[in-house]
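Comments concern the structure below.
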Amino acid sequence: MNILVSGAGIAGLSTALDLGVRGHQVTVVERAGHLRINGSPIDVRGDAIGVTAEMGLLDAIRAKRVDMSERTRFVDREGTVIARVPYEEVNDSADDIEIPREDLTNILAAALPPNATIRFRESVAALTEDGDGVDVRFASGGSARFDLVVGADGLHSRVRKLVFGPESDYLRHLGLYVGITELNSEDFGDDDRGTMYNYPGHMAGITGYHDKVLGILLFRSEFIDYDYRDLDAQKRIVIDAFAGHEEWKIPRLLAAVDADPEFYFDSVSQIHLPTWHRGRVVLVGDAGYCAALLSGRGTSLALTGGLFLAEELERAGGDHTVAFDHYEKRQRPYVEFAQSTVDVGGAILAPATQEAITARNTRLRSLPAKSREPKGERA
Ligand SMILES: Cc1cc2nc3c(=O)[nH]c(=O)nc-3n(C[C@H](O)[C@H](O)[C@H](O)COP(=O)(O)OP(=O)(O)OC[C@H]3O[C@@H](n4cnc5c(N)ncnc54)[C@H](O)[C@@H]3O)c2cc1C
551 MNILVSGAGI AGLSTALDLG VRGHQVTVVE RAGHLRINGS PIDVRGDAIG VTAEMGLLDA
611 IRAKRVDMSE RTRFVDREGT VIARVPYEEV NDSADDIEIP REDLTNILAA ALPPNATIRF
671 RESVAALTED GDGVDVRFAS GGSARFDLVV GADGLHSRVR KLVFGPESDY LRHLGLYVGI
731 TELNSEDFGD DDRGTMYNYP GHMAGITGYH DKVLGILLFR SEFIDYDYRD LDAQKRIVID
791 AFAGHEEWKI PRLLAAVDAD PEFYFDSVSQ IHLPTWHRGR VVLVGDAGYC AALLSGRGTS
851 LALTGGLFLA EELERAGGDH TVAFDHYEKR QRPYVEFAQS TVDVGGAILA PATQEAITAR
911 NTRLRSLPAK SREPKGERA
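The numbering used here puts the first residue of the sequence shown at 551, with every later residue one more than the last.
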């Protein structure tokens, strides 16, 4: 089949790979001019690990494994450690593989077969479906016809908007926003990595892997209506959210945000749709069922989603109506589980009040010493 995939994130790349190795002709369109490889390390968990084995990529993924979450600790405004985060609090699955987003993206892209190609600076402008195919008009002006269209274009999916309607119908905002910026590694030492500072409703943190140092800014807020493609607007929102706070390293983190051309910012939100397919169009990954950053399972959902879709298409002999139904039945339990796991993270990382921050620190300090020991970096 001739299949269009919108988006070259983890969902788009893994779907393209899973479809491509099964002989389909796959075109991936990515709005950015390059693979978007920024962000903090992400987790491959549970059955998604088996999926990467099935794709022949598990060894390559294991080889790039990092371990940031084991060193996490909270500090006060002077930088003194006031509580450590036990490994179990941030990792609920023993077989978790933490890998830089850039490495997983590059591994998937490098594994694409020749019949799966990526077109950068391109996106879907309009879709018209008839009984036999989908006519796609691209933002660049060209058009083409495909047998199927996969929307893997993330939380703010264009394909979802075109086929299922406005994002506001499906978005559940969880009350938090997150920004991630790259910091100059010469300005932040090893001791800075894994530190997090809170004031009510806000968390500023520094993390890192290999020679990369990242600043993370998390804050509580009602839903903010802004153009999510406007980088300057994103930077303004974060800088305003932390305005007036000169303590700890907040000013330096905000200066990095201001200067970062690849700054990542988004709401911590979920997408809930009653069904992920309509006609010849199907959604995979955050586009269909974003579980939100706090679940730590968005990448795993993207990986299982891509494989289940490709396997079911093969099993159904190309009958997409049967395949899409089966894909949804297999994937739905993973999505429901992932979407149900987000409550704890926000309460630990960004407590809403000073009392809640103090109570969290007291609780963490009271945990047995063994579970508070950082284990060190595995890679
Ligand atoms: C730059 C970036 C940094 C991230 N950092 C983190 C992180 O630190 N921690 C974390 O837990 N999660 C992060 N995420 C989200 C995480 O990658 C996803 O939740 C998960 O991997 C599922 O991926 P996805 O492919 O469904 O969506 P995404 O990773 O959002 O990928 C969607 C892709 O589609 C592209 N796209 C968007 N709109 C269009 C369009 N109209 N046409 C064509 N292409 C389009 C985007 O540029 C992107 O490449 C990040 C996502 C991005 C894009």
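We put the beta carbon where it would ideally sit given N, CA and C, even for glycine.
Residue i: which of the options sits nearest, CA to CA?
i: V674; options: G557, I821, G629, Y884; result: G557
i: D869; options: Y720, V713, V635, G683; result: G683
i: V713; options: A842, I647, E679, V728; result: E679
i: T903; options: A689, D740, F769; result: F769
i: T899; options: G838, F792, H752; result: Going by the sequence as given, residue 899 is Leu instead of Thr. Nearest option by C-alpha distance: H752.
i: V571; options: L721, H822, L658; result: L658
i: F696; options: V579, F887, E862; result: V579
i: E862; options: H876, R779, T849, A852; result: H876
i: G681; options: R830, Y839, P883; result: R830
i: A852; options: A561, A613, D810, M551; result: A561
i: L721; options: G856, R913, D617, L823; result: L823
i: S590; options: R651, P901, A666; result: R651
i: D740; options: H723, G606, R621, G896; result: R621
i: E772; options: A610, A660, Y778, H723; result: H723
i: G896; options: S817, E886, D810; result: S817
i: D617; options: L843, P901, G758; result: G758
i: F887; options: D609, I611, A841; result: A841
i: A661; options: M605, T849, R828; result: M605
i: R595; options: R779, A906, Y884; result: Y884
i: P663; options: L608, I611, L563; result: L563
Measuring CB to CB, does residue i end up less than 9 Å from residue j?
i: D836; j: S693; result: no
i: A566; j: I649; result: no
i: R910; j: A633; result: yes
i: T854; j: A598; result: yes
i: L705; j: I730; result: no
i: D593; j: D653; result: no
i: R623; j: V635; result: yes
i: R786; j: D737; result: no
i: L733; j: A806; result: yes
Return the CA-CA distance between residue i and residue j, expressed in angstroms with no decimal places.
i: S735; j: L726; result: 27 Å
i: P918; j: A873; result: 49 Å
i: E672; j: V555; result: 11 Å
i: L569; j: V576; result: 7 Å
i: S916; j: K762; result: 32 Å
i: D742; j: Q881; result: 39 Å
i: T630; j: Q889; result: 35 Å
i: R615; j: D893; result: 26 Å
i: H760; j: D790; result: 31 Å
i: R687; j: A676; result: 5 Å
i: G744; j: K799; result: 13 Å
i: V601; j: A860; result: 12 Å
i: E796; j: V728; result: 19 Å
i: G701; j: T908; result: 43 Å
i: P924; j: L781; result: Note that P924 has pLDDT 38, beneath the 50 cutoff, so the model's placement of it is unreliable and no number is given.
i: G808; j: T871; result: The sequence given here has Asp at residue 808, not Gly. Whole-angstrom Cα-Cα distance: 47 Å.
i: A754; j: M746; result: 6 Å
i: R928; j: G867; result: Low confidence applies to R928: its pLDDT is 32, below 50, so where it sits in the model is not reliable enough to give any reading.
i: V699; j: A689; result: 16 Å
i: N665; j: N552; result: 10 Å
i: L585; j: T912; result: 43 Å
i: R922; j: K711; result: Note that R922 has pLDDT 42, beneath the 50 cutoff, so the model's placement of it is unreliable and no number is given.
i: Y839; j: Y749; result: 31 Å
i: L804; j: G765; result: 9 Å
i: V788; j: G848; result: 23 Å
i: E905; j: A613; result: 42 Å
With a threshold of 16 other CB atoms inside 10 Å of the CB of residue i, please say whether the residue is buried or exposed.
i: S845; result: buried
i: G583; result: exposed
i: Q820; result: buried
i: F813; result: buried
i: G691; result: exposed
i: I774; result: exposed
i: E878; result: buried
i: F670; result: exposed
i: G926; result: Reliability of the predicted coordinates at G926 is poor, the pLDDT of 33 falling under 50, and no value is obtained from them.
i: G573; result: exposed
i: S850; result: buried
Could you pull the DSSP bridge partners for residue i from this structure?
i: A694; result: V686
i: V555; result: V578, V700
i: K711; result: According to DSSP, which records beta bridges pairwise, K711 is partnered with nothing at all.
i: R722; result: Q820
i: F773; result: Paired residues: none, contrary to the question.
i: D593; result: E648
i: H870; result: In the DSSP output, where bridge partners are listed per residue, H870 has none listed.
i: D748; result: In the sequence as presented, Asp is not what sits at residue 748; that position holds Asn. DSSP lists M753 as partners of N748.
i: G758; result: V763
i: F815; result: G729
i: R623; result: R634, T745
Spell out whether any CB of chain B is found under 9 Å from the CB atom of residue i.
i: A660; result: No chain B appears in this structure, which consists of one protein chain only.
With a threshold of 8 Å, establish whether the CB of residue i neighbours any heavy atom of ligand 3.
i: G829; result: Of the ligands one can find in the structure shown, namely ligand 1, none is ligand 3.
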